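Each number in the working numbering corresponds to the 1-based position in the sequence shown with 33 added.
Report on the structure given below.
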Amino acid sequence: MTHNIIRSEAGRPLPHVQIRTGYGRRRRRAAGKQIFTAHLAAAGIGIAAGLADVAIGQPFCIVLIGVAYGAWCFWPSR
């Protein structure tokens with residue numbers, strides 16, 4: 034390893050570059066819990082839409098949820 038000490042760095046008591054030791058990486062939240070929560074929410078929305086469709090007598094809510102999901106998937110800013 035070579036060191037290029039020039040001008041004002043030659044008189045410094047400490048080297049210009051210091052190696053710092055950190056605490057390591059932060060642990061991420063468990064992905065399993067988020068996936069479980071997402072599936073639980075999707076199941077709840079589907080059940081609610083199904084019950085609303087039974088009450089209405091037409092598959093309106095399921096179609097509406099499908100169109101909203103399709104728009105969310107293919108939206109350009111996503």
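All residues carry an ideal CB built from backbone N, CA and C; glycine is no exception.
Computed from a predicted structure; not experimentally measured.
Item	Value
Answer yes or no: do residue 98 and residue 68 have a C-beta to C-beta separation smaller than 8 Å?	no
Would you report the Cα separation of residue 87 and residue 80, rounded to the nearest angstrom?	11 Å
Taking the beta carbon of residue 106 as the centre, do at least 16 other beta carbons fall within 10 Å, making it buried, or is it exposed?	exposed
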